[in-house]
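Here numbering that gives the first Met the number 0 is used: the first residue of the sequence shown is 0, the next is one more, and so on. All remarks here apply to the structure that follows.
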Amino acid sequence: MSLSASKQKRLASKANKTKKTDKSSKTSTETNSQLTEQLNSLSLHAARTATGVLTSAPQSRDIKIESYSLSYYGRTLITNATIELNFGRRYGLLGANGSGKSTFLVSLAQQDIKLPEHIDTYILNEEAEPTMLSAIEYVIKHAKDELARIEKEVEHLLSQDDAGDNPVLDVLYEKIDFLDPSTFEPRAAELLHGLGFSASMIKKPTKDLSGGWRMRVSLAKALFIRPTLLLLDEPTNHLDLEACVWLEQYLQGYDRILVMVSHSQDFLNNVCTNTMYLNHKQQLVYYGGNYDTYVRTRSELETNQMKAYEKQQAEIEHIKKFIASAGTYANLVRQAKSKQKIIDKMEAAGLIEKVLPPIKYSFRFADTEKLPPPVLSFDQVAFSYDGKIQNALYSDVNLAVDMDSRVALLGPNGTGKSTLLKLMMNEIEPTAGRVQRHNQLKVRKYNQHSADQLDLDKSPVDYIRDRFRDISQDTDYWRQYLGKFGLTGSHQTSKILTLSHGLRSRLVFCELALERPHIILLDEPTNHLDIESIDSLAEAINQFKGGIVLVSHDFRLISQIAQELWLCEGGEIQKFSGDIKEYKEKLRKAMLKKNKMSTA
């Protein structure tokens, strides 16, 4: 794609002026700006250290970094690995909680290993700032800033003597054409609407939006500028199922480089063209294809490796037996020495390693006494935050949760799913009707902000021991208990501050299990958990003898545990007659219909 002639002429004119300036001179403003950037950089890098060598061609849009190592708070995460990211590919980054996936994304985004100037990066790992700018203004402002940055880079390149032969200019011209100011407002609105914003919400100042909605603004900003390297850390967190379906469809067409950490197998399968696995040896292993292809390929490779390992071990054992039986006969001794050389050569070349099965953590929620129904029931319930029945989120709700319930709540954000959980927890009172509870009922809730309540200066062992002082047990008992939830080794005694979000979530589940509730309410429990942990959570839910009510954007978890689907929509809460796959297909068709109407 080429830049229009008028734009090229304007940029070239600016570039000629730049050429005439003294390249060695710097204004005090520029110097101060650079000093500020350096101070900020030092602060951001204080806990993280990365080394490596960029080996991709300077003008390439592919990225290759060799001998890459990464550590965080003194703990080594990646050792002497190769980063290889090809333009036009979409990578799913997998690895256990605490292995360093998020830190790795930040290292790439902050360019610990400096990338060429034409490779711009953006990481989604924090929400948009609370400002007076509306959601749509916030997205457009960032696009304008990015356009100005690219134009400045073009001016710099045009001021060089070899500007006409530099292919990077074509890349930058393409970006400038894409960031056409005349398209800013409709494109930004389209992205925000896709992520669930109504026409009125996109005009709200970001300071008036919740953290979850500001995260969506941040995501819209990233998608709007379409960076060369887009890094998404759990992009479906804070999204409802409708927005997840939209984002899945959108990212299927992302034609730059995408690296994504996600706990959703469904999402990884439908978006990714390649898979990166950060293994227990602190290496990055690459697989072609989506998540299912990765699982199949890895299983085949490990099966073949195990066969080769067993064959080699049998051969070594056979040789060792011969050597042991050789005795002192001269001819046998010579043969024994020859055989020993075979073993020595094998060891020098590196023996085939035994495949170690992944460690399986057995989440378990303690059983409690069975309560007879009705345990928790809604009788003609209506709720309105302003107390006016005409503004009720929903009305005439007649539903019940018992100790054998497995319920998933469905519906767009804002339809009252979290409000329903609050009514169950007795945190709020219904505007009309009543919520009846068994007099011995103990209800506990996990939500995506539960980990924020942890004491970050304590270690998991100290935190859980202090939290349950009535359980008189020694440190070894608590370490074993934490180990069941995947908090092992040094993670048990390190400050919670230094743990990944996934490990903090496991600590919250451990705490929840010790409270022995009759009904557990789970509000987005998969945020920050790895796929193996989600499977363990699903198994724990299915084995739990109490009731479960789930709000989740993870289609697979819902399919694993839900026996009832309650749809919050149109001011009502009704049971959905189909399964979660049928609901997803319904959302997909509705989205396609909406897109057709908007383009008609």
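All C-beta atoms, glycine included, are put in the ideal place defined by N, C-alpha and C. Just so you know, these numbers come straight off a predicted model, no measurement behind them.
DSSP-derived helix/strand/coil call for residue i
i: Arg443; result: strand
i: Asp378; result: strand
i: Leu586; result: helix
i: Ala49; result: strand
i: Gly501; result: helix
i: Ala80; result: strand
i: Glu514; result: coil
i: Glu65; result: strand
i: Leu536; result: helix
i: Met131; result: coil
i: Ile547; result: strand
i: Thr274; result: strand
i: Tyr286; result: strand
i: Thr26; result: The predicted model places Thr26 with a pLDDT of 40, which falls under 50 and marks its position as unreliable, so this point remains unresolved.
i: Gly577; result: coil
i: Leu92; result: strand
i: Pro115; result: coil
i: His279; result: coil
i: Asn85; result: coil
i: Ser106; result: helix
i: Pro459; result: helix
i: Leu43; result: At Leu43, the pLDDT of 43 sits below 50, so the modelled position is not reliable; the number obtained from the coordinates is stated separately. In the structure shown, Leu43 sits in a helix (DSSP, three-state: H, G or I).
i: Arg464; result: helix
i: Glu309; result: helix
i: Gln452; result: helix
i: Gly601; result: Given a span of 0 to 599 for the chain in the structure shown, any question on residue 601 remains unanswerable.
i: Glu531; result: helix
Rounded straight-line distance, which links the Cα of residue j to that of residue i
i: Glu301; j: Tyr67; result: 25 Å
i: Gly326; j: Lys310; result: 26 Å
i: Lys580; j: Ser394; result: 27 Å
i: Ala347; j: Ile318; result: 16 Å
i: Thr227; j: Ser158; result: 24 Å
i: Thr78; j: Ser217; result: 32 Å
i: Asp200; j: Ser383; result: A small fix is needed here, since residue 200 is Met in this sequence, not Asp. Rounded to whole angstroms, Met200 to Ser383 spans 20 Å at the Cα level.
i: Gln339; j: Ile322; result: 8 Å
i: Met259; j: Pro115; result: 21 Å
i: Ala602; j: Leu229; result: A query on residue 602 cannot be resolved here, the shown segment of the chain reaching from 0 to 599 and no further.
i: Gly252; j: Thr274; result: 17 Å
i: Leu398; j: Gln282; result: 50 Å
i: Ser133; j: Gly569; result: 27 Å
i: Glu241; j: Asp265; result: 14 Å
i: Gly94; j: Asn278; result: 6 Å
i: Gly195; j: Ser101; result: 26 Å
i: Arg148; j: Ala221; result: 15 Å
i: Val294; j: Gly386; result: 52 Å
i: Ile547; j: Tyr360; result: 21 Å
i: Arg88; j: Ser106; result: 20 Å
i: His552; j: Gln304; result: 37 Å
i: Ile519; j: Lys203; result: 35 Å
i: Pro180; j: Ala219; result: 16 Å
i: Leu350; j: Leu513; result: 45 Å
i: Gln479; j: Asp465; result: 16 Å
i: Asp401; j: Phe377; result: 12 Å
i: Glu515; j: Thr367; result: Before going on, a small fix: residue 515 reads as Arg here, not Glu. For Arg515 and Thr367, the distance between alpha carbons rounds to 6 Å.
i: Asp232; j: Tyr276; result: 15 Å
i: Gln452; j: Asp160; result: 58 Å
i: Trp212; j: Asp111; result: 30 Å
i: Ile540; j: Asp61; result: 44 Å
i: Gln389; j: Ala381; result: 10 Å
CB contact check: residue i to chain D, cutoff 7 Å
i: Val258; result: No chain D appears in this structure, which consists of one protein chain only.
Residue i - partner residues in DSSP beta bridges
i: Ser70; result: Thr48, Thr75
i: Cys567; result: Ile572
i: Leu229; result: Tyr121, Leu257
i: Tyr249; result: DSSP lists no partner for Tyr249.
i: Ile519; result: Arg443, Ile547
For the pair the stretch 121-134 and the stretch 281-299, tell me if three or more CB-CB distances fall below 8 Å. no
**Item:** Segments of 4+ residues assigned as alpha helix (DSSP H) that fall wholly inside the stretch 322-361
**Value:** 329-348
Handout entry: Continuous beta strand (DSSP E) assignments of at least 3 residues falling wholly in the stretch 393-443
Key = 393-396, 405-409, 431-436
Q: Let me know the alpha helix (DSSP H) ranges lying completely inside the stretch 134-214, each 4 residues or longer, listed in chain order.
A: 134-157, 167-177, 183-193
inquiry  = Under 8 Å, with one C-beta from each stretch per pair, do the stretch 540-559 and the stretch 426-440 reach the 3-pair mark?
reply    = no
Would you say the stretch 237-254 touches the stretch 163-172, given that touching needs at least three Cβ pairs under 8 Å?
-> no
Taking one C-beta from the stretch 133-148 and one from the stretch 177-188 each time, how about it: are there three or more such pairs within less than 8 Å?
yes
query: Between the stretch 532-542 and the stretch 455-463, do three or more beta carbon pairs fall short of 8 Å?
result: no
Are there three or more Cβ pairs, one per stretch, closer than 8 Å when the stretch 422-430 is compared with the stretch 495-503? no
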